[in-house]
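This report refers to the structure that appears directly beneath it.
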Amino acid sequence: MGEDSMAQDSTPYLRFKIALRRFGGPTSGLNPEQQARLDDLVAQEQQLHGLILSRQEAGRIVVGEETVGHALELIIGRYDSREEFERDLARHGMELEDLVRGLREELAVGAVLELVGDRAPRVGLEEARAYYQDHAAEFTRPEQRTVRQILITISSSGLPENLRPNSRARLEAIRARLLEEPSRFGDEAAAHSECPSALNRGLLGTVSRGTLYPRLDRALFSLARGEISGILETELGFHLLRCDGIEPAQRMAWEDVSERIRERLQDRARRRHVRSWLREISSP
């Protein structure tokens, strides 16, 4: 099948895909202005696909039935049943054959672009190390705190002990005891906290900034190691925190991130090379 006929055959699929991507619904629900815009976008994509599939690189691409079948299975798998999938196809004015042809073309285009991307210059160790040196913040693990919590919830109805003043009084009494014996925080959490973490003696874990409620977050990151917070209120109730440990911000070792950096830079190089190639083949 030639590139022109392939592009023509893919029209229903392209209309389906672009309508969903651009307008969020089937073509049948588009107004005349949207239909006209869709026609333009489909024509542009068909032209681009035709250009890509007319290049010599496309002659090296074979999209097998197994590959197309796998792509089709992934789409069908998004539906609760085969019947629902077929109803959705009909709703978009498509036959199964339209979808298969469109997928085959899309896979061929993707394979060509991948082949072109593979021709991008290799990223060397020196380039990767320079990136590591120039982007220190990107490879610095933020400060983290290990935290335990005691939570007493608030209820306007129900148990009297959880009425607002009583809840606060209960936590104030717990805090007073802990100021005398800070090491018993885990015991008090296990006995009195109304958070699931009570099963782990109040341990929430090791967290970075921005993990907890803002008020709790600010309090936790102002505590010294072993220090207990004042009583803090959120929509969940009254909280008491203890900072069990502080892990300062730390630069990740070059050895631990070098391969990740090279992969990232190589991916960028691939994308740049593909964009350059597309501009080249699209030029008059």
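Under our numbering, the sequence shown has 8 at position 5, and the numbering climbs by one with no breaks. The C-beta atom is built at its ideal place from N, Cα and C for all residues, glycine as well. Everything numeric in this text was worked out from a predicted model, so none of it was measured.
Count the other CB atoms within 10 Å of the CB of residue i; is the residue buried (16 or more) or exposed (fewer)?
i, result
"residue 258", "exposed"
"residue 143", "exposed"
"residue 275", "exposed"
"residue 119", "buried"
"residue 278", "exposed"
"residue 101", "buried"
"residue 141", "exposed"
"residue 111", "buried"
With DSSP collapsed to three states, give me the class of residue i.
i, result
"residue 247", "strand"
"residue 88", "helix"
"residue 215", "coil"
"residue 240", "strand"
"residue 106", "helix"
"residue 264", "helix"
"residue 235", "strand"
"residue 125", "coil"
"residue 228", "coil"
Are the beta-carbon atoms belonging to residue i and residue j less than 8 Å from one another?
i, j, result
"residue 242", "residue 136", "no"
"residue 196", "residue 207", "no"
"residue 104", "residue 42", "no"
"residue 181", "residue 191", "yes"
"residue 249", "residue 94", "no"
"residue 227", "residue 145", "no"
"residue 178", "residue 234", "yes"
"residue 205", "residue 189", "yes"
"residue 85", "residue 78", "no"
task = Determine, using beta-carbon pairs with one atom in the stretch 44–60 and one in the stretch 110–123, whether at least three such pairs fall under 8 Å.
result = At 8 Å Cβ cutoff, the stretches touch.
ask   = With a cut-off of 8 Å, do at least 3 Cβ pairs link the stretch 146–160 to the stretch 170–185?
value = They touch, by the three-pair rule.
ask   = What runs of the alpha helix (DSSP H), each 4 residues or longer, lie entirely inside the stretch 39–104?
value = As far as the stretch 39–104 is concerned, its whole alpha helix (DSSP H) runs of at least 4 residues are 68–79, 85–94.
ask   = Where are the beta strand (DSSP E) runs, 3 residues long or more, that stay fully inside the stretch 140–218, in chain order?
value = Runs of the beta strand (DSSP E) lying entirely within the stretch 140–218, each at least 3 residues long, are 147–156, 206–211 in chain order.
query = Quick check: the stretch 27–35 against the stretch 119–128, are there 3 or more CB pairs under 8 Å?
reply = The stretch 27–35 vs the stretch 119–128: no contact.
task = Determine, using beta-carbon pairs with one atom in the stretch 66–82 and one in the stretch 15–27, whether at least three such pairs fall under 8 Å.
result = The stretch 66–82 makes no contact with the stretch 15–27; the number of CB pairs closer than 8 Å stays below 3.
query = Is it true that the stretch 243–263 meets the stretch 214–227, where meeting means three or more beta-carbon pairs spaced less than 8 Å apart?
reply = Yes: at least three Cβ pairs fall under 8 Å.
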